[in-house]
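Be aware that the sequence shown starts at 1, since it is given in UniProt numbering, and climbs by one per residue. The beta-carbon is built from N, C-alpha and C at its ideal position, and this holds for glycine as well. None of the values given here were measured: they were computed from a predicted structure. Below: one structure, written as C-alpha coordinates.
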Amino acid sequence: MRTSHIMVLSRGIVLLCIVLLLSSCQGSAVTGTQSVSLESVDTISIENGSTPVVIESAKELKSMEVSITAYDGKPVINIDQDEQLLKVSMNNHAFRIFNMMNKPSIQIRVPMDYTGNLQVISSSGRVTANHIRSDLSIEGKSGSIQLNMDNIRSNLQIASTSGNVTMNLGDKNPDVNWVLKSKSGRRSHALDLKNIIEERHSSRGMTGKGTHYVEIETTSGNIAVN
1 MRTSHIMVLS RGIVLLCIVL LLSSCQGSAV TGTQSVSLES VDTISIENGS TPVVIESAKE
61 LKSMEVSITA YDGKPVINID QDEQLLKVSM NNHAFRIFNM MNKPSIQIRV PMDYTGNLQV
121 ISSSGRVTAN HIRSDLSIEG KSGSIQLNMD NIRSNLQIAS TSGNVTMNLG DKNPDVNWVL
181 KSKSGRRSHA LDLKNIIEER HSSRGMTGKG THYVEIETTS GNIAVN
(Lines of atoms letter the chains of each structure in order from A and count residues from 1; the text may use other names and numbers.)
(Lines give C-alpha, C1' and ligand atoms only; values in the text may rest on other atoms or scores of the structure.)
Protein backbone atom coordinates (compact mmCIF):
# COMPACT_ATOMS: atom_id res chain seq x y z
CA MET A 1 0.00 0.00 0.00
CA ARG A 2 1.31 3.46 -0.90
CA THR A 3 0.21 6.51 1.03
CA SER A 4 1.11 10.18 1.47
CA HIS A 5 0.95 11.38 5.07
CA ILE A 6 0.54 15.05 6.03
CA MET A 7 0.87 16.55 9.51
CA VAL A 8 -0.43 20.02 10.40
CA LEU A 9 0.69 21.82 13.55
CA SER A 10 -1.10 24.80 15.08
CA ARG A 11 0.33 28.10 16.45
CA GLY A 12 0.71 29.60 12.99
CA ILE A 13 3.27 27.06 11.82
CA VAL A 14 2.25 24.55 9.22
CA LEU A 15 4.40 21.46 8.94
CA LEU A 16 3.65 19.14 6.09
CA CYS A 17 5.79 16.08 6.43
CA ILE A 18 5.28 14.00 3.33
CA VAL A 19 6.18 10.43 4.08
CA LEU A 20 6.10 7.86 1.33
CA LEU A 21 5.46 4.40 2.77
CA LEU A 22 6.21 1.20 0.91
CA SER A 23 4.67 -2.19 1.64
CA SER A 24 7.96 -3.90 0.79
CA CYS A 25 11.61 -2.99 0.31
CA GLN A 26 11.80 -3.66 -3.40
CA GLY A 27 13.28 -0.28 -4.36
CA SER A 28 10.36 0.74 -6.57
CA ALA A 29 9.75 4.47 -7.03
CA VAL A 30 6.84 6.19 -5.28
CA THR A 31 5.74 9.71 -6.21
CA GLY A 32 3.67 12.00 -3.98
CA THR A 33 2.34 15.46 -4.84
CA GLN A 34 1.14 18.21 -2.50
CA SER A 35 -0.31 21.66 -3.26
CA VAL A 36 0.62 24.51 -0.92
CA SER A 37 -1.08 27.92 -0.82
CA LEU A 38 1.20 30.93 -1.32
CA GLU A 39 -1.26 33.41 0.15
CA SER A 40 0.69 35.97 2.25
CA VAL A 41 4.00 34.26 1.31
CA ASP A 42 6.71 36.63 0.05
CA THR A 43 9.72 34.28 0.31
CA ILE A 44 10.07 30.60 -0.63
CA SER A 45 13.27 29.06 0.77
CA ILE A 46 14.32 25.66 -0.59
CA GLU A 47 17.07 23.60 1.06
CA ASN A 48 17.64 20.52 -1.08
CA GLY A 49 20.97 19.33 0.36
CA SER A 50 22.20 16.47 -1.83
CA THR A 51 18.82 15.84 -3.48
CA PRO A 52 18.31 16.88 -7.13
CA VAL A 53 15.62 19.54 -7.46
CA VAL A 54 13.80 21.05 -10.44
CA ILE A 55 12.06 24.40 -9.95
CA GLU A 56 9.84 25.97 -12.57
CA SER A 57 7.17 28.60 -13.10
CA ALA A 58 3.85 27.29 -14.44
CA LYS A 59 1.09 29.47 -15.88
CA GLU A 60 -1.82 27.18 -14.99
CA LEU A 61 -1.08 26.96 -11.24
CA LYS A 62 -2.80 28.93 -8.46
CA SER A 63 -0.70 27.43 -5.63
CA MET A 64 2.75 25.89 -5.29
CA GLU A 65 2.97 22.23 -6.25
CA VAL A 66 5.59 19.93 -4.69
CA SER A 67 6.22 16.48 -6.17
CA ILE A 68 8.58 13.97 -4.57
CA THR A 69 9.86 10.69 -5.92
CA ALA A 70 11.48 8.33 -3.38
CA TYR A 71 12.56 4.69 -3.17
CA ASP A 72 12.23 4.03 0.56
CA GLY A 73 9.86 4.63 3.44
CA LYS A 74 11.89 7.35 5.13
CA PRO A 75 10.52 10.90 5.51
CA VAL A 76 11.37 12.88 2.39
CA ILE A 77 10.46 16.53 2.76
CA ASN A 78 9.28 19.08 5.32
CA ILE A 79 7.35 22.22 4.43
CA ASP A 80 7.16 24.85 7.19
CA GLN A 81 5.27 28.13 6.96
CA ASP A 82 5.92 30.89 9.46
CA GLU A 83 4.08 34.07 8.52
CA GLN A 84 5.51 35.25 5.14
CA LEU A 85 8.29 32.64 4.90
CA LEU A 86 7.66 29.23 3.36
CA LYS A 87 10.55 26.81 3.90
CA VAL A 88 10.99 23.56 1.96
CA SER A 89 13.71 21.26 3.32
CA MET A 90 14.82 17.76 2.43
CA ASN A 91 15.38 15.01 4.95
CA ASN A 92 18.70 13.61 3.71
CA HIS A 93 18.61 10.28 5.52
CA ALA A 94 22.06 8.67 5.84
CA PHE A 95 20.96 5.69 3.72
CA ARG A 96 20.28 8.00 0.77
CA ILE A 97 23.70 9.63 0.88
CA PHE A 98 25.34 6.32 -0.07
CA ASN A 99 22.54 5.02 -2.29
CA MET A 100 23.52 6.81 -5.50
CA MET A 101 21.29 4.70 -7.78
CA ASN A 102 18.01 5.35 -5.95
CA LYS A 103 18.30 8.88 -4.61
CA PRO A 104 15.01 10.76 -4.21
CA SER A 105 14.22 13.76 -6.40
CA ILE A 106 11.94 16.74 -6.00
CA GLN A 107 10.08 19.02 -8.38
CA ILE A 108 8.67 22.37 -7.26
CA ARG A 109 6.27 24.27 -9.53
CA VAL A 110 5.40 27.86 -8.69
CA PRO A 111 2.58 29.94 -10.20
CA MET A 112 3.75 32.20 -13.02
CA ASP A 113 2.25 35.25 -11.29
CA TYR A 114 4.07 34.67 -7.98
CA THR A 115 5.92 37.94 -7.29
CA GLY A 116 7.87 37.00 -4.15
CA ASN A 117 11.43 35.77 -3.78
CA LEU A 118 12.80 32.29 -4.45
CA GLN A 119 15.87 31.13 -2.50
CA VAL A 120 17.70 27.82 -3.01
CA ILE A 121 20.45 26.49 -0.73
CA SER A 122 22.16 23.35 -2.02
CA SER A 123 25.20 21.24 -1.16
CA SER A 124 25.85 18.50 -3.73
CA GLY A 125 22.35 18.23 -5.19
CA ARG A 126 21.81 19.28 -8.80
CA VAL A 127 19.60 22.38 -9.20
CA THR A 128 17.60 23.03 -12.38
CA ALA A 129 15.49 26.20 -12.73
CA ASN A 130 13.11 26.52 -15.68
CA HIS A 131 11.53 29.78 -16.87
CA ILE A 132 11.52 31.44 -13.44
CA ARG A 133 9.71 34.80 -13.35
CA SER A 134 10.38 35.86 -9.74
CA ASP A 135 13.64 37.06 -8.17
CA LEU A 136 15.87 34.01 -7.66
CA SER A 137 18.97 33.36 -5.58
CA ILE A 138 20.85 30.04 -5.55
CA GLU A 139 23.74 29.13 -3.25
CA GLY A 140 25.43 25.86 -4.18
CA LYS A 141 28.58 23.98 -3.28
CA SER A 142 29.53 21.07 -5.56
CA GLY A 143 26.26 20.35 -7.35
CA SER A 144 25.71 21.66 -10.88
CA ILE A 145 23.27 24.52 -11.50
CA GLN A 146 21.35 24.90 -14.75
CA LEU A 147 18.98 27.73 -15.64
CA ASN A 148 16.73 27.51 -18.71
CA MET A 149 15.19 30.91 -19.41
CA ASP A 150 12.94 31.96 -22.29
CA ASN A 151 13.38 35.54 -21.17
CA ILE A 152 14.78 37.18 -18.05
CA ARG A 153 12.16 39.23 -16.23
CA SER A 154 13.62 39.29 -12.72
CA ASN A 155 16.90 39.55 -10.81
CA LEU A 156 19.07 36.43 -10.53
CA GLN A 157 21.94 35.88 -8.10
CA ILE A 158 23.75 32.55 -8.47
CA ALA A 159 26.76 31.45 -6.39
CA SER A 160 28.59 28.11 -6.47
CA THR A 161 31.83 26.79 -5.03
CA SER A 162 32.95 23.98 -7.37
CA GLY A 163 29.74 23.20 -9.24
CA ASN A 164 29.38 24.35 -12.85
CA VAL A 165 26.73 26.95 -13.69
CA THR A 166 25.02 26.89 -17.10
CA MET A 167 22.40 29.34 -18.34
CA ASN A 168 20.48 28.66 -21.56
CA LEU A 169 18.71 31.73 -22.99
CA GLY A 170 15.82 31.86 -25.44
CA ASP A 171 16.15 35.63 -25.84
CA LYS A 172 19.70 36.51 -26.88
CA ASN A 173 19.27 40.19 -25.99
CA PRO A 174 17.50 40.34 -22.61
CA ASP A 175 17.30 43.58 -20.60
CA VAL A 176 20.07 42.67 -18.15
CA ASN A 177 23.14 44.04 -16.41
CA TRP A 178 25.53 41.08 -16.24
CA VAL A 179 28.28 40.16 -13.78
CA LEU A 180 30.12 36.84 -14.33
CA LYS A 181 32.86 36.06 -11.81
CA SER A 182 35.08 33.03 -11.16
CA LYS A 183 38.37 32.72 -9.29
CA SER A 184 39.74 29.71 -11.16
CA GLY A 185 36.87 28.38 -13.30
CA ARG A 186 36.37 29.10 -17.00
CA ARG A 187 33.87 31.74 -18.18
CA SER A 188 32.16 31.67 -21.57
CA HIS A 189 29.14 33.51 -22.95
CA ALA A 190 27.34 34.17 -26.23
CA LEU A 191 26.18 37.64 -25.16
CA ASP A 192 26.59 40.78 -27.24
CA LEU A 193 27.58 42.91 -24.27
CA LYS A 194 27.62 46.69 -24.25
CA ASN A 195 29.84 48.69 -21.88
CA ILE A 196 31.85 45.53 -21.46
CA ILE A 197 34.58 45.26 -18.83
CA GLU A 198 36.73 42.13 -19.10
CA GLU A 199 39.09 41.35 -16.23
CA ARG A 200 41.06 38.28 -15.22
CA HIS A 201 38.35 36.91 -12.96
CA SER A 202 35.21 38.68 -14.17
CA SER A 203 33.15 39.83 -17.14
CA ARG A 204 30.70 42.73 -16.84
CA GLY A 205 28.39 44.35 -19.34
CA MET A 206 24.83 45.06 -20.42
CA THR A 207 22.35 43.65 -22.93
CA GLY A 208 19.15 45.39 -23.95
CA LYS A 209 18.05 48.12 -21.53
CA GLY A 210 19.83 46.60 -18.52
CA THR A 211 16.59 46.57 -16.49
CA HIS A 212 17.37 43.43 -14.48
CA TYR A 213 20.51 42.31 -12.64
CA VAL A 214 22.14 38.90 -13.10
CA GLU A 215 25.22 37.88 -11.12
CA ILE A 216 26.83 34.45 -11.47
CA GLU A 217 29.84 33.71 -9.27
CA THR A 218 31.89 30.55 -8.72
CA THR A 219 35.12 29.67 -6.98
CA SER A 220 36.40 26.84 -9.22
CA GLY A 221 33.25 25.93 -11.16
CA ASN A 222 32.84 26.88 -14.81
CA ILE A 223 30.30 29.45 -16.04
CA ALA A 224 28.56 29.21 -19.43
CA VAL A 225 25.82 31.48 -20.79
CA ASN A 226 24.47 30.08 -24.04
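- Ser-142 and Ser-63 have their C-alpha atoms some 31 Å from each other.
- Straight-line spacing of the CA atoms in Ile-44 and Gln-119 works out to 6 Å.
- Residues of the same chain with a CB within less than 6 Å of the CB of Ser-188, apart from the 5 flanking positions on each side, are Ala-224 in chain order.
- Leu-38 is a Cβ neighbour of Pro-111, given a cutoff of 8 Å.
- Between Ile-108 and Val-76, the beta carbon gap of about 13 Å keeps them out of contact (Cβ cut-off 8 Å).
- Under the three-state reduction of DSSP, Ala-129 is assigned to strand.
- Secondary structure note for Lys-87: its beta strand (DSSP E) is the uninterrupted segment 85 to 90.
- Between Asp-150 and Gly-210, the alpha-carbon positions lie close to 17 Å from each other.
- Just so you know, the alpha carbons of Gly-125 and Ile-158 end up roughly 15 Å apart.
- Between Asn-91 and Asn-78 a beta carbon distance of about 7 Å is seen, short of the 8 Å cut, so the two are scored as contacting.
- Segment contact: the stretch 178 to 186 against the stretch 194 to 211, three or more CB-CB distances shorter than 8 Å; contact assigned.
- The residue from Pro-52, Ile-46, Tyr-71 with its alpha-carbon nearest to that of Asn-117 is Ile-46.
- Taking every protein chain shown into account, the CB of Thr-51 has 16 or more other CB atoms within 10 angstroms, so this residue is buried.
- Note: Glu-215 is bridge-paired with Gln-157, Val-179 in the DSSP secondary-structure output.
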